[in-house]
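One line per chain: the protein sequences are A and B, in this order.
The numbering of the first sequence is numbering that gives the first Met the number 0, which starts it at 0 and goes up by one.
The numbering of the second sequence is numbering that gives the first Met the number 0, which starts it at 0 and goes up by one.
Backbone N, C-alpha and C define an ideal beta-carbon position, used for all residues, glycine too.
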Amino acid sequence: MSAEPLLTVDRVSVHFRAGGNLLTGVSLVRAVEGVSFTLQQGETLSIVGESGSGKSTLARAILRLVPVTKGSLHYRGENLVTLSQDQMRPRRRMMQMVFQDPIASLSPRRTVEQIIEEPLRVHFPDLDRAERAQRVAETMDAIGLLPDMRNRYPHEFSGGQAQRIGIARALIVEPELLVADEPVSALDVSIQAQVLNLLAEIKQARSLSLLFISHDLSVVQHVSDNLMVLYLGHVMEVGPAGTIYSRPQNPYTQALLSAVPRMDFSADRPKRTRLTGDLPSPTLEHVGCPFASRCPRAQALCSTDKPVLTPVDGREVACHFPGS
Amino acid sequence: MSLLNRTNNEAALEAAVTTLQSRSLTQLAITRFLRNRVAVGASIVLLILVALAVFAPVFELLTGYPMEFQDRDFYSGKPPNWEAQHYLGTDYNGRDILVRTMFGMRISMMVALVAATVALVIGISYGAISGLAGGMVDTIMMRILDLLYSFPLTLIAVIALAYFGRNIMIVFVIIGLVEWQLMARVIRGQVLSLRNAEFIEAARATGVRPFGILVRHIVPNVTGVAIVYMTLIIPEVILVESFLGYLGLGVQEPDTSLGVLISEGANAIEQKPWMTYGPGIFLVVLLMALNFLGDGLRDAFDPKDR
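So this is what it looks like as structure tokens:
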């Protein structure tokens, strides 16, 4: 792999002010807390975690769609956090996003052609109508959309088709980085496979870097090179996907993995680790391990000391008592 | 509509679409609107009514009765008499109801037009600014609206008319200034729900400027709603005007409006029902045409509801 990473995320935190009116104070939601990782060109990093783990917020923060509270984001060596939105605009060509709800992510009043060409209008204002139409046609063809769909509206499509339109819109400006925020979780399982295969294909063909966000580990398994597990905005475990899948070290990862349904009815199949309780409020600031309240392996130390990421068995784990 | 018919319509639309050089949304909306026979019918009826109101003086010439003329032979309300050319009868003062209805429609339409325009302009800008700004600005703007909402229209009308004198323009403006509140709320709600929509985020993610987001993604998605509320506000404005007229706050004699004519007729509905028929029928037709037009426009602007 090349020496300089495409994207370096360094101790990024995203906090929101939430609630608060005249009577009650404003509370601070710590959606993402000190997350660091690097993404190499052509690599796929999957970010997993349950709802509220901050994975979507992290993705949006990387694209500067939500303000970064602390930390830095270096894209090809340039810190994105210090850029203004105007300075950010030309860089957006390189980093495009695919959204969770395929139909809701398409403007309902615009035709497929207008939707797909919008990024071109922003980033290549010199192209004339015919050149834009040409690019749209090429991209639609590459994504497997029929030319006669150009003049239709988003609501006329199924979820899978709409997601293809969303992918076409992201790819028309030939980005280097594609951020996919739960791109298949709103789709039928049969369609999920199609869209995942499509993503894998384009990733190969265009040596795209992919940031793949999901809560579904069985989906992630097929696409990732590396895997990052988030819990309450904290990284719990990060490393090569295969290593983590076969030997998860963090109890939270183990719980997530054991929740994946499998066709294994043998007597020595892994025991299901069940988590009890709900996700603690994201407004709390954690002194200890954020997972301590639900961890089957928690000790006194866990609620007083926050574990840091330490290399264990070929990946990094934030846990005082790692082990499989 | 039958399935076959629907397919034909789709095919016709597709054909229309491919022949058009630039297929703007508005052109598509017009194409769709023209296919809607009820809406086209309603707009023709509306055009005729507008023409009648604009050319109301012609009726004075046709019947030979000026608007204020009090026919001594037809005092205290006489039924329609075709020989005397009182086609819809006369009122208590012997004035011709047909002529007065045409002039009344004129006033009602002017009120509707001015008040609805005021409501539309103020309502959309206020609502869109409040919704887009969000946060504290939004809260303050909405509380101001709540405050205004708590003032009763009649009270404002009485005070304003006492202060500025009885002038029909004051009535127009007051109604407009009151009616925009609903529009502002509705538009704000729309903008709020749009602001966090994924397609708006998608536009931001790709680098579309805020102005582009407003023009290309937000405005097209609120026009449908704005038009529908406009067609709801217009009938309401006409009714509010007639209510003010009933209280003696609206148009002053000898001028009249549909609402005033109807309330005069309603007082004598058992003895002299024809006094209500003429203006009543015109009011009903006017309101229905506006409603059908509104429906048609909404369908045309919102392909989702097809």
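By the CB criterion at 9 Å, A/Ala317 and A/Glu236 fall inside the cutoff.
Interface criterion not met: the Cβ of A/Pro260 is under 9 Å from no Cβ in chain B. Against A/Asp100, the close residues of chain B are Glu197, in the order they occur along the chain (beta-carbon pairs closer than 9 Å).
If you draw a 10 Å sphere on the C-beta of A/Asp85, you find fewer than 16 other C-beta atoms in it, and that means exposed. About 5 Å separates the CB atoms of A/Arg293 and A/Leu274; that is less than 8 Å, so the two are in contact.
Assignment of beta strand (DSSP E) within the region 149-197 of chain A, counting only whole runs of 3 or more residues, yields 176-180 in chain order. With a 10 Å radius around the Cβ and a threshold of 16 neighbouring Cβ atoms, B/Trp81 comes out exposed.
Using a 10 angstroms sphere on the CB of A/Asn78, the tally of other CB atoms stays under 16, which defines it as exposed. Secondary structure note for B/Ala201: its alpha helix (DSSP H) is the uninterrupted segment 197-205.
Per DSSP, reduced to three states, the secondary structure at A/Lys69 is strand. Counting only Cβ-Cβ distances below 7 Å, B/Arg203 has contacts in chain A at Leu64, in chain order.
Contacts between A/Glu130 and chain B, judged by CB atoms closer than 9 Å, are missing: the closest CB pair is about 16 Å apart. Using a Cβ-Cβ cut-off of 9 Å, B/Glu200 counts as an interface residue toward chain A, since at least one Cβ of chain A sits closer than that to its own.
With a threshold of 9 Å between beta carbons, A/Met235 makes no contact with chain B. Interface criterion not met: the Cβ of B/Pro253 is under 9 Å from no Cβ in chain A. Contact annotation: A/Phe211 and A/Leu44 have beta-carbon atoms nearer than 9 Å. In this structure, B/Val113 sits away from B/Met66, with a CB-CB distance that is not shorter than 9 Å. No Cβ-Cβ contact shorter than 9 Å links A/Arg205 with A/Leu176. Bounds of any alpha helix (DSSP H) do not take in A/Pro4, whose DSSP letter is neither H nor E. Collapsing the DSSP output to three states places B/Gly264 in a helix. A/Arg205 is outside the set of residues whose beta carbon lies under 9 Å from a beta carbon in chain B. For A/Tyr230, the enclosing beta strand (DSSP E) begins and ends at 225-230. Using a Cβ-Cβ cut-off of 9 Å, B/Asn220 is close to Ser106, Pro107, Arg108 of chain A, given in chain order. Within chain A, the C-beta atoms nearer than 8 Å to that of B/Val207 come from Glu117, Val121, in chain order. Contact between B/Leu243 and B/Ala156 holds, since their C-beta atoms are separated by about 6 Å, short of 8 Å. When only Cα atoms are considered, B/Asp72 and B/Tyr64 end up about 13 Å apart. For the 9 Å CB-CB criterion, B/Gly122 and B/Ala183 form a contact. Any Cβ of chain B closer than 9 Å to the Cβ of A/Ala240 would place that residue at the interface, and such an atom is absent.
Here A/Pro89 is not near B/Gly40, since their CB atoms are 9 Å or more apart.
Per DSSP, A/Ala30 is one residue of the beta strand (DSSP E) stretching across 26-38. Close partners of A/Ala161 in chain B (Cβ separation under 9 Å) are lacking, with about 11 Å as the shortest Cβ gap.
Under the three-state reduction of DSSP, B/Tyr276 is assigned to helix. The continuous stretches of alpha helix (DSSP H) do not include A/Phe211, which lies in the beta strand (DSSP E) extending over residues 208-213. Where B/Thr153 is concerned, the enclosing alpha helix (DSSP H) starts and stops at 152-163. At a cut-off of 9 Å between C-beta atoms, B/Gly211 counts as an interface residue with respect to chain A. Here DSSP, grouped into helix, strand and coil, assigns A/Ile46 to strand.
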